[in-house]
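Here's the structure, in structure tokens; my notes come after.
In my numbering, the protein residues as written are 33 to 162.
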């Protein structure tokens, strides 16, 4: 399913079956998904450097009782502006510009409260900026 009606950027969980319209499938998790073979995942590229740092990911998950999502989003946006993340985002943005759909694949259970919507927003902003 496209993120926006006119977008070639899509999001899918790695546990969902691959679809013909997925185009290039890009894993956007720092760790390989548990229990999923490389064949089943059908990943074309793995961009670890577009993901939150290990420190940020650990901080966000260390206390589930506290609502940390807004602070997580702010911190992740700041990370996306650093040179390592910027280079990886530029590579992902170029892949989307090359044409055809790009599906961001993740193993997270709660996609709306993960790094993925922040990344999608950031990439779409970059696509519209240039």
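Ideal placement from N, C-alpha and C gives every residue a C-beta, glycine not left out.
Q: Go through its chain and collect everything with a Cβ distance to residue 65's Cβ below 6 Å, but skip five positions before and after it.
A: 46 and 139
Q: Please report how far the alpha carbon of residue 132 lies from the alpha carbon of residue 161, in whole angstroms.
A: 19 Å
Q) Where do the N-terminal and C-terminal ends of the beta strand (DSSP E) with residue 83 fall, by residue? A) No beta strand (DSSP E) contains residue 83, which DSSP labels as neither H nor E.
**Q.** Own chain residues within Cβ distance below 6 Å of residue 104, not counting five before or after
**A.** 92
Q) What are the boundary residues of the alpha helix (DSSP H) that residue 165 is part of? A) In this structure the chain extends from 33 to 162, so residue 165 is not present and cannot be described.
Q: Could you check if residue 116 is buried or exposed, using at least 16 other CB atoms within 10 Å of its CB as the buried criterion?
A: exposed
Q) Is residue 130 buried or exposed, if buried means 16 or more other CB atoms sit within 10 Å of its CB? A) exposed
Q: Work out the CA separation of residue 94 and residue 127 for me, nearest whole Å.
A: 34 Å
Q) In terms of alpha-carbon separation, which member of 159, 69 and 98 lies closest to residue 124? A) 159
Q. Does the distance from the C-beta atom of residue 72 to that of residue 55 stay below 9 Å?
A. no
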